[in-house]
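Enquirer: Dropping the structure in here first, questions after.
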Amino acid sequence: MTLEGRVALVTGAAVRVGRAIAHALARRKAKVVVHYHTSERAAREVVSEIEALGQQAVAFPADLSQSQQVEALVDESLRTFKRIDILVNNAAIFYRTPFLSASEEDWDRHLDLNLKGVFLCCKAVAPAMLAQGGGRIINIADIAGVRPWADYVPYCVSKAGVIALTQGLAKALAPTVLVNAVAPGTVLFPESYS
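Sequential numbering of the sequence shown, starting at 2, is according to this note's numbering.
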């Protein structure tokens with residue numbers, strides 16, 4: 002499958018799964034917007050790697066829990082490439098939060114990025130996709146959104162929300178924009194994280 006001429010915005014594209022998704026899209030000839038929040042150096046590396054494949058890429062920062070920053074990310078992407086054909090909502094946080102010791106801050110951090118961030122990105126991108134006559138939104142959920150883990154309740158709830166959001170948006174944006182979720186299992190951290 003070729004994606005030549007298509008533009009993909011991948012959130013959390015500087016590291017781990019997001020980086021792999023950005024590379025996969027570039028290998029299929031898509032132009033890639035590499036979103037990052039704090040991993041600027043890694044994001045610039047991804048851009049260089051994609052350019053070495055002969056494809057166009059740019060890196061833009063944003064805190065996805067802040068609507069103004071999300072809107073700026075989408076505006077910059079549209080200014081650069083004139084369209085967004087694919088949105089991959091990948092950015093997320095994940096850490097152990099045993100229920101009895103989980104704080105309100107733990108809850109808010111997970112829900113703000115993992116669920117609210119997906120909502121804000123979809124809301125910002127959808128008008129452009131509808132205006133151009135089509136688009137694809139892929140939300141990275143998690144099997145934990147269906148089968149929760151005891152020590153990760155805020156994370157699991159956020160991913161369950163992503164699944165419900167995906168189902169709702171699939172109806173709200175049909176038939177012009179196709180919205181799907183992918184729910185992988187556990188993804189190991191690279192050795193550099195251990």
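We put the beta carbon where it would ideally sit given N, CA and C, even for glycine.
Which same chain residues end up closer than 6 Å to Asp86 when comparing Cβ atoms and leaving out the 5 residues on each side of it in sequence?
Expert: By 1-based counting over the sequence shown, the position of residue 86 is 85. So the qualifying residues of the chain are Arg7, Val8, Gly136.
Enquirer: Verify whether the separation of the beta carbon atoms of Val154 and Phe82 is less than 8 Å.
Expert: Within the sequence shown, residue 154 is the residue found at index 153, counting from 1. Within the sequence shown, residue 82 is the residue found at index 81, counting from 1. No, Cβ-Cβ distance for Val154 and Phe82 is not below 8 Å.
Enquirer: Do you know whose CA, among Val34, Ile139, Lys124, lies nearest Glu50's CA?
Expert: Position 49 of the sequence shown, counting from 1, holds the residue named residue 50. Out of Val34, Ile139, Lys124, Val34 has the C-alpha closest to the C-alpha of Glu50.
Enquirer: Could you say if the region 25–32 and the region 141–150 meet the contact criterion of at least three C-beta pairs nearer than 8 Å?
Expert: Counting Cβ pairs under 8 Å, fewer than three are found: no touch.
Enquirer: Could you check which residue in Gly169, Ala171, Asp143 has the C-alpha nearest to that of Val158?
Expert: Along the sequence shown, one-based indexing puts residue 158 at 157. The shortest Cα separation from Val158 among Gly169, Ala171, Asp143 belongs to Asp143.
Enquirer: Quick one: Cα of Tyr96 to Cα of Tyr156, how far?
Expert: Locating residue 96 in the sequence shown gives position 95, where the first residue counts as 1. Locating residue 156 in the sequence shown gives position 155, where the first residue counts as 1. In a straight line, the C-alpha of Tyr96 is about 8 Å away from that of Tyr156.
Enquirer: Looking at Val178 and Leu116, is the spacing between their C-beta atoms short of 8 Å?
Expert: The residue given as residue 116 occupies position 115 in the sequence shown. The residue given as residue 178 occupies position 177 in the sequence shown. Not in contact: Leu116 and Val178 (Cβ atoms no closer than 8 Å).
Enquirer: Tell me whether the region 100–111 and the region 53–60 touch, counting them as touching only if at least three CB pairs, one residue from each stretch, are closer than 8 Å.
Expert: Result no; under three Cβ-Cβ pairs closer than 8 Å.
Enquirer: Have a look at Arg84 and Ser102 and give me their C-alpha separation to the nearest angstrom.
Expert: Position 83 of the sequence shown holds residue 84. Position 101 of the sequence shown holds residue 102. Rounded to the nearest angstrom, the two C-alpha atoms are 45 Å apart.
Enquirer: Starting from Val18 and walking both ways along the alpha helix (DSSP H), at which residues does that stretch end?
Expert: By 1-based counting over the sequence shown, the position of residue 18 is 17. Note, Val18: alpha helix (DSSP H), 17–28.
Enquirer: Does Ala14 pass the burial test, meaning 16 or more other C-beta atoms within 10 Å, or should it be called exposed?
Expert: Taking the sequence shown and counting its residues from 1, one reaches residue 14 at position 13. Answer is buried; the Cβ neighbour count reaches 16.
Enquirer: Excluding sequence positions up to five away, which residues of its chain have a Cβ less than 8 Å from the Cβ of Val75?
Expert: Translated into the one-based positions of the sequence shown, residue 75 becomes position 74. Leu10, Ile85, Cys122, Ala125, Val126, Ala129, listed in sequence order.
Enquirer: Mind checking whether Val183 and Ala171 have CB atoms under 8 Å apart?
Expert: Within the sequence shown, residue 183 is the residue found at index 182, counting from 1. Within the sequence shown, residue 171 is the residue found at index 170, counting from 1. No. Outside cutoff.
Enquirer: Is Asp107 near the ligand GDP, in the sense that its beta carbon is under 7 Å from a heavy atom of that ligand?
Expert: With respect to the ligand GDP, the structure shown offers nothing to examine, as it has no ligands at all.
Enquirer: What residue range does the alpha helix (DSSP H) around Phe82 cover?
Expert: The residue labelled residue 82 in the question sits at position 81 within the sequence shown. Unbroken alpha helix (DSSP H) run through Phe82: 68–82.
Enquirer: Runs of 4 residues minimum, wholly inside the region 116–166: which ones carry the alpha helix (DSSP H) assignment?
Expert: 118–133, all fully within the region 116–166.
Enquirer: Taking the continuous alpha helix (DSSP H) assigned at Leu10, which residues delimit it?
Expert: Indexing the sequence shown from 1 puts residue 10 at position 9. No alpha helix (DSSP H) holds Leu10; the beta strand (DSSP E) holding it covers 8–11.
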